[in-house]
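Below is one structure; the comments refer to it alone.
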Amino acid sequence: MLTHRMPMSLAAGCALALLLPWRSAIATPSWSDLADFELCPGMSAAMARPAGIGERDVSISTFTHHWTHSDEHKNVRSLNLRQHLDDDRFCGFSLFTNSFGQPSTYLFTGKFWPEPIPGLPRVYASVSAGMLYGYVSRYKNKVPLNVKGFSPAIVPSIGFRITPQLSIEAHVLGTAALMIGADWWY
């Protein structure tokens with residue numbers, strides 16, 4: 002079994018380098034900038050609100066359909082946590098086994114559209130963008146722009162609310178696959 006762990010200092014360095022809000026193109030960040038840094042702006046205010054009002058969701062997925070068959074493909078299993086913010090934005094993370102059975106993670110932010118199709122209030126859509134870690138060793142070329150296991154990702158999704166707390170979602174995983182999951186909103 003192939004396993005690979007992400008060095009935490011490398012992950013923290015990449016996150017700061019990509020997400021630190023610079024004051025200007027030539028400014029150098031100061032320690033006070035780092036003290037005020039929020040990985041996901043608005044997250045601390047959202048987390049201070051009580052649970053139970055549908056601003057958080059956890060989802061699981063155990064079904065993935067790959068567009069092209071390969072004997073190397075494994076079924077992707079995923080656990081996702083998402084915090085909804087003001088202005089229909091969200092931030093979250095996903096822990097999953099990738100298409101080749103490797104442990105992987107996805108840290109993301111995104112936009113949520115509660116009713117993209119007028120007259121269908123239970124249908125919603127979202128798109129997330131973030132940093133993917135996984136796809137290492139012989140699978141490093143299976144995702145674009147992979148540098149030592151890190152690569153950018155964009156995931157469009159569409160969902161259907163069965164109840165106010167339960168929904169199903171379909172996630173398009175680039176040109177590789179479609180993943181179906183269930184979400185619990187709390």
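Quick note on the numbering used here: the sequence shown kicks off at 2 and runs consecutively.
Beta carbons: idealized from backbone N, C-alpha and C, even for Gly.
It should be emphasised that the depicted structure is a prediction, and the values quoted were computed from it without experimental measurement.
My guess is that residue i and residue j are in contact by the Cβ rule of under 8 Å, so how many angstroms apart are they, rounded?
i	j	result
residue 43	residue 86	4 Å
residue 177	residue 95	Not confirmed; about 15 Å, so no contact.
Exposed or buried, what is residue i when buried is set at 16 or more other beta-carbons lying within 10 Å of its beta-carbon?
i	result
residue 103	buried
residue 45	exposed
residue 133	buried
residue 73	exposed
residue 89	exposed
residue 68	exposed
residue 53	exposed
residue 175	exposed
residue 71	exposed
residue 154	buried
Leaving out the 5 sequence neighbours to the left and right, which residues in its chain are closer than 6 Å to residue i when beta-carbon positions are compared?
i	result
residue 83	58, 91 and 93
residue 127	111, 113 and 158
residue 172	156, 158 and 180
residue 56	85
residue 63	78
residue 47	84 and 86
residue 143	136
residue 169	161 and 183
With a threshold of 7 Å on Cβ separation, who are the neighbours of residue i within its own chain once the five nearest residues in sequence on each side are excluded?
i	result
residue 145	152
residue 61	79, 80, 182 and 183
residue 147	136 and 141
residue 75	98, 100, 101 and 102
Give me, in chain order, the residues of the same chain whose beta-carbon lies closer than 8 Å to that of residue i; leave out the 5 immediate sequence neighbours on both sides.
i	result
residue 167	183, 184, 185 and 186
Inter-stretch contact at 8 Å, needing at least 3 Cβ pairs: the stretch 115-125 / the stretch 155-163: Flag = yes, the stretch 115-125 and the stretch 155-163 touch.
Contact the stretch 108-120 vs the stretch 138-149: 3+ CB pairs below 8 Å: no
Segments assigned beta strand (DSSP E), at least 3 residues, entirely inside the stretch 109-149: Secondary structure in the stretch 109-149: the beta strand (DSSP E) runs of 3 residues or longer, each lying completely within the stretch, are 124-134 in chain order.
3-residue-minimum beta strand (DSSP E) runs that sit fully inside the stretch 46-101, ordered along the chain: Those beta strand (DSSP E) runs which fall completely within the stretch 46-101 and span 3+ residues are 57-67, 78-85 and 90-98.
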